[in-house]
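Protein chains in written order, with our numbering: chain A, 35 to 261; chain B, 266 to 442.
Every residue, glycine too, gets a C-beta built ideally from N, C-alpha and C.
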Ligand code: SF4
């Protein structure tokens with residue numbers, strides 16, 4: 035006796051009622067990108083760049099009470115090469131910034147970044163000569179978390195926001211592979227061979243309105259040493 | 266009966282012995298609460314420190330600097346910077362502070378590394394923060410600030426927010442990384 039397979043026929047393109055493709059029972063039709071992004075967003079591997087007190091709160095999020103594992107992001111790795119989500123938790127000083135940038139560049143694509151806490155996002159109360167006023171000036175940040183320190187719940191909220199962002203953007207085949215790497219190499223060579231730059235970035239040029247800067251010109255800061 | 270409660274960790278007798286050993290005019294003395302300070306010119310610093318170490322058993326416990334630019338009540342004739350060396354005798358628990366002043370444009374003091382090896386990193390820190398040069402230091406590099414940093418951030422005429430050094434990094438964009 036012949037068995038009739040259960041299933042349905044995929045709908046055809048406009049004008050045709052059927053595509054002639056038979057899909058067996060249990061088939062889900064979606065796009066490749068959606069599936070890949072779904073996988074990515076539920077297996078984020080964070081890189082905990084915890085430089086200060088915010089890092090303690092980040093540890094709490096990893097522990098059983100708040101349990102970031104519920105969102106598939108519990109695999110904190112201490113090698114950037116195994117991570118795709120950087121969480122900058124805490125203030126970043128001048129001397130640390132090149133390190134942060136290098137770690138960011140070492141993370142494989144696709145990668146995302148969360149700036150956690152007032153210090154990482156804006157410098158917080160540490161408006162001093164050594165503390166970078168917001169890491170987003172120097173690396174791309176996807177999600178910001180306010181607070182000093184943020185509650186663990188808001189970190190989980192940020193992970194969920196990150197997930198929806200991952201789901202919406204990105205493409206499985208979008209990575210250009212080698213040409214992109216080549217471009218990065220060229221960029222790095224450019225950075226390394228650049229001479230000293232004026233000490234004040236143009237967008238902060240109005241800082242002296244409070245009289246903070248001294249006469250005598252702006253300092254030149256060498257580019258290459260800390261890289 | 267006296268109501269004055271200041272303790273005297275350094276007995277007058279010891280001070281008298283130090284004075285006798287070094288001769289008059291090498292240092293001047295002042296005190297605040299139980300701190301006894303000997304002000305010594307940079308040229309006599311190593312000599313006095315060596316005597317205090319070898320004959321009086323003092324060890325270096327702390328070394329730091331201060332910038333007195335615009336300090337209220339300070340006479341304009343006195344030095345702008347002061348470096349202090351806090352000494353302690355481990356056996357008798359006597360405490361003593363050496364102070365030495367320097368001024369712009371050439372803030373230079375002799376190093377005390379040959380006397381107390383532990384002065385090395387502390388002198389590097391004073392150099393890093395105030396730009397005081399310790400002549401003869403074996404390795405006078407910056408210790409806290411990045412190598413390419415050009416100012417001395419704890420000087421009073423250095424702006425609290427810096428001169429823009431903290432903004433001067435390459436921007437890594439999404440396209441670059
Ligand atoms: S935001 Fe607050 S808790 Fe976080 S690093 Fe800054 S000072 Fe610490």
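Query raised in the report: What does residue 438 of chain B touch in chain A if you count any residue whose Cβ is under 8 Å from its own?
Result: 174
**Report entry** Distance cut-off 7 Å: residue 183 of chain A Cβ against heavy atoms of the ligand FMN
**Finding:** Inclusion of the ligand FMN in the displayed structure is not the case, the ligand content consisting of the ligand SF4 alone.
Query raised in the report: Of the residues that make up the region 112–132 of chain A, which ones have a beta carbon closer than 9 Å to any beta carbon in chain B?
Result: For the region 112–132 of chain A, residues whose beta-carbon sits nearer than 9 Å to a beta-carbon of chain B comprise 127, 128, 129, 131, 132.
Requested in this report: Please list the partners that residue 388 of chain B has in chain A, where partner means a Cβ-to-Cβ separation under 7 Å.
Outcome: Those within 7 Å of residue 388 of chain B in chain A number zero; the least Cβ separation is about 20 Å.
Query raised in the report: Do we get a CB-CB distance below 8 Å when we pair residue 104 of chain A with the residues of chain B?
Result: For residue 104 of chain A, no CB of chain B lies under 8 Å from its own CB, so it is not counted at the interface with that chain.
Query - Contacting residues, own chain, Cβ-Cβ under 6 Å from residue 89 of chain A (five flanking each side not counted) - result: 123, 124
**Report entry** Stretch-stretch touch, CB-based, cutoff 8 Å, three pairs: the region 321–335 of chain B with the region 288–308 of chain B
**Finding:** Too few Cβ pairs lie closer than 8 Å, so no.
Query raised in the report: Just reading off the alpha helix (DSSP H) that residue 198 of chain A is part of, what are its end residues?
Result: 186–202
Query raised in the report: Does the beta-carbon distance from residue 81 of chain A to residue 117 of chain A come in below 8 Å?
Result: yes
**Report entry** Coil, strand or helix - residue 310 of chain B by DSSP
**Finding:** helix
Query raised in the report: If we cut at 8 Å on Cβ distances, does residue 431 of chain B have a partner in chain A?
Result: Interface residue, yes.
Query - Cβ-based burial, residue 433 of chain B [other Cβ within 10 Å; buried from 16] - result: buried
Query raised in the report: With distances taken between CB atoms, is the gap from residue 380 of chain B to residue 373 of chain B smaller than 8 Å?
Result: no
Report task. Report the residues of the region 403–414 of chain B with a CB closer than 9 Å to any CB of chain A, ordered along the chain. Result -> Hits within the stretch, in order: 409, 410, 411, 412, 413, 414.
Requested in this report: Mind the definition here: the region 67–75 of chain A touches the region 41–51 of chain A only if three or more C-beta pairs lie below 8 Å; say whether that holds.
Outcome: no
Query raised in the report: Relative to the C-alpha of residue 395 of chain B, which residue among B:338, B:332, B:438, B:357 is closest?
Result: With distances taken between Cα atoms, residue 395 of chain B lies closest to B:332.
Query raised in the report: Hey, would you say residue 195 of chain A sits closer than 8 Å to residue 177 of chain A, going by beta carbons?
Result: yes
**Report entry** Bridge-paired residues (DSSP) for residue 178 of chain A
**Finding:** A:149
Requested in this report: Determine the chain A residues that contact residue 334 of chain B at a beta-carbon separation under 9 Å, and present them in chain order.
Outcome: By Cβ distance, chain A contributes nothing, its closest Cβ being about 13 Å from residue 334 of chain B, past 9 Å.
Query - Buried versus exposed call for residue 426 of chain B [16 or more other C-beta atoms within 10 Å across all chains shown] - result: Buried.
Report task. Could you tell me whether the Cβ atoms of residue 172 of chain A and residue 436 of chain B are closer together than 8 Å? Result -> yes
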